[in-house]
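Participant:
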Amino acid sequence: MTDNQTLTITDNRTQQSYTIPIYRGTVRALDLRQIKTGPDDFGLMTYDPAFMNTASCQSAITYLDGDKGILRYRGYPIEQLAEQCSFLEVAYLLLNGELPTANQLEYWQCKVMRHTMTHENVKKFMDGFHYDAHPMGILISTVAALSTFYPEAKNINDPKSRDKQIVRLIGKIPTLAAYAYRHRLGLPYIAPDPELGYTKNYMNMLWKRTEPKYAANPVLARALEVLFILHADHEQNCSTSTMRAVGSSHADPFVTAAAAIAALSGPLHGGANEEVLRMLGEIGSNDNIPGFIQQVKDGKRKLMGFGHRVYKNYDPRARIIKKVAEEVFEVTGRNPKIDIALALEKIALSDEYFIKRKLYPNVDFYSGIIYQAMGFTPDQFTVLFGIPRTVGWLAQWQEMLQDPDTKIARPRQVYSGEEVRDFVPIAERGVKQLVHA
Ligand code: SDX
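In this note's numbering, the protein residues as written are 61 to 497.
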């Protein structure tokens, strides 16, 4: 292979040749615009719905290798971070690029825990929802509402303001999530207890009853920390791309994060963990697995929690989550759904349909089984994804704003509609067969 990092393209329409630079394994789409058939030709664009083969940005935060099943945050393998770190330690790493010293971590933890309270009006807003409102709908709405309490968040070009809003949102998202959980159960809201630390405080706001001080089970608290670490960032996934796109219009970080939470709520993305539990419940027993697999192969169902746009090998997070599950079950008792999930995985991974399509368990396949064992209802599962992913969204948002390449996201299109035509007065209109009446 030569070091000649260029691509030479011949346009067979004109016999013209063009040489364009190759930049880190990509070509700049704008370099194709010069390829024209004549002066009136707009020039070539790329067509890539769902961005299957398009890099939307440069990022130094997370590295994935889909074929090797590698995930690293700022160069550190996820397996080491999940084993050795606290969640706020990883949050600091994602946001700042380096692991914190002991003093930096202590200061960072204090800063975040000082921002766990919300304005009392948030509770009134929360009370307005039906008792059975889906917590993701509540979270999207209340995170967006935070922008009305902190109008200075609109100063997105001021690093001090950005830092303040980042700490505010990381501190408050567990509080909003816990309030949504308590609202669902008709229980009084529990005030944050900063002394407990990030994850134990979240558990405190969820599960404290009448005891003077909540004491989290250390095994469950550590399991939640690990799950938070595994869900913290994942490069340019759907919700992060949404965070970058909305943030590129210079909207404030609260409404931008609300848009990301909305994207995460979809069943093909973060909503999959809830769908997995529904699917396992529907399958009900190992005897029904072959019939369900056949429905999937007939294209009638998706195997939720399986497949990934990037991972064409085992999702490294799923491997770690399987281990965490066993530790949690030591405390909570075994969730029988894990046995159906393990049997389903075993059968799927030996079936040509899944092997050919490189479909493996992803992060959502086992996480819900743990959450259910811990006492969460399935509609809370995606909230548990959104809490830690808020850190990744904010790290990517911050990186996007600091990137000189960043402009407002505004893709082009391939127009496939009618050519120009004159207006038809209503009296002369016939009944044209509409595609979607
Ligand atoms: C997350 O991007 C990220 O990083 C996301 C995430 C993160 O941390 O942010 O990792 C979190 O969203 C994980 C994914 C959770 N979603 C699910 O588990 C839902 C089920 N999975 C699928 O919907 C699907 O696998 C996606 C959405 C995850 C990926 O879809 P792609 O990349 O667009 O793949 P595709 O739909 O083009 O599928 C390729 C083939 C198709 O078959 P053919 O048309 O070639 O015959 O594989 C089939 C699909 O039908 N396929 C599945 C399947 N996933 C893909 N068939 C059955 N069950 C599935 N789950």
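Beta carbons are placed, not taken as given, at the ideal position from N, Cα and C, and that holds for glycine.
Predicted model, so just to flag it, every value in this text is computed and none were measured.
Quick one: measure Cβ to Cβ for Tyr-366 and Asn-422, integer angstroms, because I've assumed they're closer than 8 angstroms.
Facilitator: The sequence shown places Phe at residue 366, rather than the Tyr named in the question. Contact holds; Cβ gap of about 7 angstroms.
Participant: In or out: Phe-483 buried (at least 16 other Cβ within 10 Å) or exposed?
Facilitator: Exposed, since its Cβ has fewer than 16 Cβ neighbours within 10 Å.
Participant: Can you tell me where the alpha helix (DSSP H) holding Ile-69 begins and where it ends?
Facilitator: Looking at the DSSP string, Ile-69 is not in any alpha helix (DSSP H); the run it does join, the beta strand (DSSP E), is 66 to 71.
Participant: Can you determine whether any heavy atom of the ligand ZN sits closer than 8 angstroms to the C-beta of Met-303, and answer yes or no?
Facilitator: What this structure holds is the ligand SDX, not the ligand ZN.
Participant: Spell out a yes or no on whether the segment 370 to 381 and the segment 408 to 424 are touching, meaning 3 or more CB-CB pairs, one atom from each, closer than 8 angstroms.
Facilitator: As far as the Cβ criterion goes, the segment 370 to 381 touches the segment 408 to 424, which means the pair count is three or higher.
Participant: With a CB to CB cut of under 6 angstroms and the five nearest residues on each side skipped, what residues in its chain are close to His-500?
Facilitator: The displayed coordinates of the chain run from 61 to 497. Any statement about residue 500 would go beyond what the structure contains.
Participant: Rounded to the nearest angstrom, what separates Pro-350 and Ser-410 at their Cα positions?
Facilitator: Cα-Cα distance, rounded: 12 angstroms.
Participant: Excluding sequence positions up to five away, which residues of its chain have a Cβ less than 6 angstroms from the Cβ of Val-388?
Facilitator: The answer, listed in chain order, is Ala-283, Ile-430, Ala-433.
Participant: Check Ile-415 in the structure and name its three-state DSSP category.
Facilitator: Correct three-state label for Ile-415: helix.
Participant: Kindly identify the DSSP beta-bridge partner or partners of Gln-440.
Facilitator: For Gln-440, which the question treats as bridged, DSSP gives no partner whatsoever.
Participant: For the segment 386 to 401 against the segment 296 to 313, do three or more pairs of beta-carbon atoms, one drawn from each stretch, fall closer than 8 angstroms, so that the two count as touching?
Facilitator: No: fewer than three Cβ pairs fall under 8 angstroms.
Participant: Please specify which runs of the alpha helix (DSSP H), each continuous and at least 4 residues long, are wholly inside the segment 252 to 303, giving them in chain order.
Facilitator: 258 to 267, 278 to 290, all fully within the segment 252 to 303.
Participant: Grab the span of the alpha helix (DSSP H) containing Pro-234 for me, first residue to last.
Facilitator: Segment 219 to 245, the alpha helix (DSSP H) holding Pro-234.
Participant: What is the rounded straight-line gap between the Cα of Val-391 and the Cα of Thr-437?
Facilitator: Looking at the two C-alpha atoms, the distance is approximately 18 angstroms.
Participant: Considering Cα atoms alone, identify which of Pro-272, Val-172, Asp-424, Asn-297 is closest to Leu-337.
Facilitator: Cα-wise, what sits closest to Leu-337 is Asp-424.
Participant: Can we count Phe-147 as close to the ligand SDX, meaning its CB is less than 8 angstroms from some heavy atom?
Facilitator: Every heavy atom of the ligand SDX is 8 angstroms or more from the Cβ of Phe-147, so no.
Participant: Using DSSP's beta-bridge definition, name the partner residues of Thr-79.
Facilitator: Thr-68, per the DSSP bridge assignment.
Participant: Which residues in the same chain as Val-150 place their Cβ atom closer than 6 angstroms to its Cβ, once the five residues preceding and following it in sequence are excluded?
Facilitator: Once the five neighbours on either side are set aside, the close Cβ partners of Val-150 are Leu-141, Ile-289, Ala-292.
Participant: In terms of alpha-carbon separation, which member of Asp-223, Lys-184, Ala-115 lies closest to Tyr-19?
Facilitator: With the chain running from 61 to 497 in the structure shown, residue 19 is simply not present.
Participant: Got a sec? Which residues, its chain only, sit under 7 angstroms from Ala-378 by beta carbon, not counting five neighbours each side?
Facilitator: Closer than 7 angstroms at Cβ, skipping near neighbours: Pro-421, Asn-422, Val-423, Phe-425, Tyr-426.
Participant: Determine the closest residue to Lys-260 out of Tyr-249, Ala-276, Leu-247, His-243, with distance taken between C-alpha atoms.
Facilitator: Considering only alpha carbons, the answer is Ala-276.
Participant: State the beta-bridge partners of Asp-125 as determined by DSSP.
Facilitator: Partner(s): Ile-130.
Participant: Have a look at the DSSP bridge pairing and note the partners of Phe-366.
Facilitator: DSSP, once it has assigned bridges, lists Pro-421 as partnering Phe-366.
Participant: Can you list, in chain order, the residues of its chain whose CB lies under 7 angstroms from that of Thr-202, leaving out five sequence neighbours each side?
Facilitator: Taken in chain order, the residues that qualify are Val-182, Phe-185, Met-186, Leu-236.
Participant: Using a Cβ-Cβ cutoff of less than 6 angstroms, which residues in the same chain neighbour Asp-108 once the five nearest sequence positions on both sides are dropped?
Facilitator: So the list reads Thr-114, once near-sequence residues are dropped.
Participant: So, using beta-carbon positions, are Thr-106 and Leu-92 closer together than 9 angstroms?
Facilitator: Against a cut-off of 9 angstroms, the Cβ pair of Leu-92 and Thr-106 comes out as a contact.
Participant: Near Phe-189, which residues of its chain fall below 6 angstroms by C-beta distance, leaving aside the five closest residues on each side in sequence?
Facilitator: Cβ within range, chain order: Ile-198.
Participant: Which class does Thr-316 belong to by DSSP, given the choice of helix, strand or coil?
Facilitator: Thr-316: helix per DSSP, three-state reduction.
Participant: List the endpoints of the continuous alpha helix (DSSP H) containing Glu-149.
Facilitator: Counting along the chain, the alpha helix (DSSP H) containing Glu-149 begins and ends at 147 to 156.
Participant: So who's on the other strand from Thr-86, going by DSSP bridges?
Facilitator: Paired residues: Tyr-83.
Participant: Report yes if the CB atom of Ile-321 is closer than 9 angstroms to the CB atom of Ser-301, and no otherwise.
Facilitator: No, Cβ-Cβ distance for Ile-321 and Ser-301 is not below 9 angstroms.
Participant: Determine the closest residue to Gln-65 out of Ile-82, Gly-126, Gly-129, with distance taken between C-alpha atoms.
Facilitator: The residue with the shortest Cα to Cα distance from Gln-65 is Ile-82.
Participant: Using DSSP with H/G/I as helix, E/B as strand and the rest coil, what is Tyr-475?
Facilitator: In this structure, Tyr-475 counts as coil in the three-state DSSP scheme.
Participant: Output the distance between the C-alpha atoms of Ala-193 and Gly-246, rounded to the nearest integer angstrom.
Facilitator: Roughly 12 angstroms between the two C-alpha positions.
Participant: Start and end of the alpha helix (DSSP H) containing Gln-31?
Facilitator: In the structure as shown, the chain starts at 61 and stops at 497, and residue 31 therefore has no counterpart that could be examined.
Participant: Would you decide whether Glu-271 is buried or exposed? Buried here means 16 or more other CB atoms lie within 10 Å of its CB.
Facilitator: Burial call: exposed.
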